[in-house]
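Numbering (full-length UniProt numbering), first residue to last: 1 to 238.
All residues carry an ideal CB built from backbone N, CA and C; glycine is no exception.
Okay, so here's the structure we're looking at.
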Amino acid sequence: MTAANTPAPAAPTRVLVVDDEPQILRALRINLSVRGYEVITAATGAAALRAAAEKHPAVVVLDLGLPDMDGIEVLGGLRGWSQAPVIVLSARTDSGDKVEALDAGADDYVTKPFGMDELLARLRAAVRRAATVAGDAADPVVETASFTVDLTAKKVVRHGRDVHLTPTEWGVLEMLVRNPGKLVGRRELLREVWGPAYATETHYLRVYLAQLRRKLEDDPSNPKHLLTEAGMGYRFQA
Numbered sequence: 001m002t003a004a005n006t007p008a009p010a011a012p013t014r015v016l017v018v019d020d021e022p023q024i025l026r027a028l029r030i031n032l033s034v035r036g037y038e039v040i041t042a043a044t045g046a047a048a049l050r051a052a053a054e055k056h057p058a059v060v061v062l063d064l065g066l067p068d069m070d071g072i073e074v075l076g077g078l079r080g081w082s083q084a085p086v087i088v089l090s091a092r093t094d095s096g097d098k099v100e101a102l103d104a105g106a107d108d109y110v111t112k113p114f115g116m117d118e119l120l121a122r123l124r125a126a127v128r129r130a131a132t133v134a135g136d137a138a139d140p141v142v143e144t145a146s147f148t149v150d151l152t153a154k155k156v157v158r159h160g161r162d163v164h165l166t167p168t169e170w171g172v173l174e175m176l177v178r179n180p181g182k183l184v185g186r187r188e189l190l191r192e193v194w195g196p197a198y199a200t201e202t203h204y205l206r207v208y209l210a211q212l213r214r215k216l217e218d219d220p221s222n223p224k225h226l227l228t229e230a231g232m233g234y235r236f237q238a
């Protein structure tokens, strides 16, 4: 193979590590670097948000107990524009803290003290999942037996005819369709479509899912594609 035909080496995966403990930052920087990751570190929430905006990491490891702001605030700031997976690394072991972080958009939660091998395995898994989602996003047209969704054109066709959806209906449908087969929690869906202030307004979802089913499902009372998981959220099934 000639030099001109030799494929360029893959760029290293960029990881942003956010923690105010120098020992942890150093340990993670060393362990990740020797495994081929490009590591960026930040010791405060403000520095983390700046680094994320400037460097666009592929994955973030985030401590919750930061000196200038709570890690949940940092997570909220990231989720306002970034879909990079976030692994929370925290000494908080209470289940309520874990639920809050996951509801705020974290992809995983590791408690301190932690095993380096476990953290690295979770990091690899998060990167793989993100790559799979990115690969799936390459095909913007999703077809079901009842309707077709074009995510790029923001259009829905049912039985050969365009279906008019309101902006809010489209927001709900798009989030479900972009997560095929995955349970999308009620709070997550409300935050994404309506905003953080509406995270508990679950009746909104019942109304809009009913409207979407009337417009898209062949039998709205027995939906096959826009499914409810009682007490938890909703799932799109092609």
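Residue range 202-216 is occupied by the alpha helix (DSSP H) that includes ARG206.
The shortest C-alpha to C-alpha distance from GLY233 to any of THR200, VAL34, ARG79 is the one to THR200. Taking each of LEU25, GLY36, GLN23 in turn and checking the Cα distance to ARG14, the smallest one comes out for GLY36.
Residue pairing by DSSP puts SER90 in a beta bridge opposite THR111. Excluding sequence positions up to five before and after THR93, its CB lies within less than 7 Å of the CB of THR111, all in the same chain and listed in chain order. Counting only runs of 3 or more residues that sit fully inside the segment 149-207, the beta strand (DSSP E) segments are 155-158, 161-163, in chain order. Rounded to whole angstroms, the separation of the alpha carbons of ALA47 and GLU38 is 17 Å. Contact between the segment 67-81 and the segment 142-151 is absent, with fewer than three C-beta pairs closer than 8 Å.
The beta-carbon separation of ALA58 and ALA84, rounded to 6 Å, stays under the 8 Å limit for a contact. If you draw a straight line from the Cα of ASP20 to the Cα of GLY115, it comes to about 18 Å.
ALA42: member of the beta strand (DSSP E) spanning 38-42, first to last residue.
CA-CA distance, LEU28 to ARG213, rounds to 48 Å. Taking the Cα positions, GLN23 is about 23 Å away from LYS55. Beta-bridge partners assigned by DSSP to ARG235: LEU227.
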